[in-house]
Amino acid sequence: AIAMAAFLPKMMALMLALLAMVASGLSSSSKGFGKKVKAPSFRPMESGSLLTWIRKAGGQVDGVAVAEVKGVRGLVATRDFKKDDVICGCPSALALALADPSAPPAVEIEELGANLLQWYLGADDWRPYLETLPDGLESPHFTATPDFWEEAHIEAMEFPPAVEAAKKRRDDLKTLAAAQKDLSEGDLRFATWLASSRSFNLKLVESETAKSIRVCVPLLDLANHDVASRANAAMSVLDADQDDATFAVLATRSITRGSQILFSYSGGAATTMDLLLDYGFIQNNGQPGSDARLLAKHGGSTASLFRTPRKTTLEQLQHEKDLHPNLRQALRFRLTLQTALDNLPPHAPPALRPRGR
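Residue numbering for the sequence shown follows our numbering, starting at 8 and increasing by one per position.
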């Protein structure tokens with residue numbers, strides 16, 4: 008396993024030399040300088056080993072710090088940046104490819120979780136990075152995705168695609184763990200959560216075929232999410248045709264010292280369902296455009312998508328302090344999508360317009 012772990016970064020560098028890699032998971036269409044706002048307060052966190060490790064490998068880390076902002080760990084700018092500036096960068100040799108780029112692509116995220124568990128976790132070569140990852144369910148940096156929830160809490164989401172996706176991942180994890188006797192279900196589930204919440208999806212493009220690969224990029228994976236209109240950075244691949252390519256964070260607008268570095272996950276295309284299923288959080292006020300497209304895709308009336316009226320969901324959340332955390336998340340998810348239904352524009356399909364909610 009360690010031999011394979013050592014092989015993959017070299018394979019990744021070789022692929023970068025041969026393929027034009029485009030960071031499809033994170034991009035931004037923002038133009039011009041954004042408004043400069045008052046920098047939020049933050050508390051620096053210990054990250055010396057990680058930054059030293061990346062710096063020694065030729066990475067660029069002097070413009071950022073790992074810090075706690077409003078109770079959440081993230082990246083903070085330690086100086087001002089203008090649009091298109093490189094904020095920080097990690098050499099491709101330090102990235103953890105979760106699949107062999109030359110092999111057929113893995114279909115399910117739990118396969119990538121198994122690769123992360125077997126190839127990397129516990130390997131000394133990546134210890135400075137691995138020490139930054141949440142180390143279990145009790146970690147303050149762990150946010151449970153629905154596949155960790157009990158059945159009743161999954162059902163409480165009510166939105167059929169989300170309920171089905173959560174159950175499918177839960178059941179697929181059980182099946183894969185049973186098929187591979189050297190993997191415990193608990194370890195595989197946690198490694199799969201790491202793979203889904205900490206990796207970037209990169210598109211590998213060559214003359215005849217196009218496929219993507221999931222890659223964990225040290226330091227860059229600490230950048231938090233915001234909606235596209237407020238995100239201020241995006242990931243890019245610098246010198247993609249060279250062996251020593253770099254995964255870099257580029258400013259998409261001006262950033263003041265002390266401001267948090269924020270991506271818009273999936274290039275702004277992530278829905279509230281995506282964020283909950285893959286990362287375990289719900290964005291305040293949802294993902295307006297993406298959520299509307301999600302609801303339109305699945306069609307039906309509000310009554311067919313949700314059993315419980317929005318008013319009742321609101322009443323249930325009035326007692327959220329008494330609710331189990333996972334049930335509270337399920338209700339917040341339901342309310343976010345119900346609110347998105349209520350806010351659909353007049354030209355939305357008639358079946359999707361709210362009826363008496």
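Just so you know, even glycine gets a beta-carbon here, dropped at the ideal spot from N, CA and C.
- Under DSSP, Pro98 shares a beta bridge with Thr253.
- Secondary structure at Lys210: strand, using DSSP grouped into helix, strand and coil.
- With respect to the C-alpha of Leu351, the residue from Arg339, Thr253 and Leu302 having the closest C-alpha is Leu302.
- Take the alpha-carbon of Arg62 and the one of Pro98: they are about 9 Å apart.
- Taking the Cα positions, Gly81 is about 10 Å away from His148.
- In summary, Glu165 is buried, with 16 or more beta-carbon neighbours lying within 10 Å of its beta-carbon over all protein chains present.
- The segment 161-249 contains, as complete beta strand (DSSP E) runs of 3+ residues, the segments 206-212, 217-223 and 240-245 (chain order).
- Secondary structure at Ala159: helix, using DSSP grouped into helix, strand and coil.
- One Cα belongs to Asn333, the other to Gln249, and the distance between them is close to 45 Å.
- Taking C-beta atoms as the reference points, Phe270 and Ala230 count as a pair closer than 7 Å.
- Residue state for Phe313 is assigned as coil, using DSSP reduced to three classes.
- As a beta-bridge residue in DSSP terms, Phe88 pairs with Ile262.
- Counting along the chain, Gly120 sits inside the alpha helix (DSSP H) bounded by residues Ile116 to Trp126.
- Each residue's CA atom was taken as its position, placing Asp87 and Ala240 some 13 Å apart.
- Here Leu338 has Ala163, Thr320, Gln323, Leu324, Glu327 and Leu330 as same chain residues with Cβ atoms under 8 Å from its own Cβ, once five neighbours each way along the sequence are excluded.
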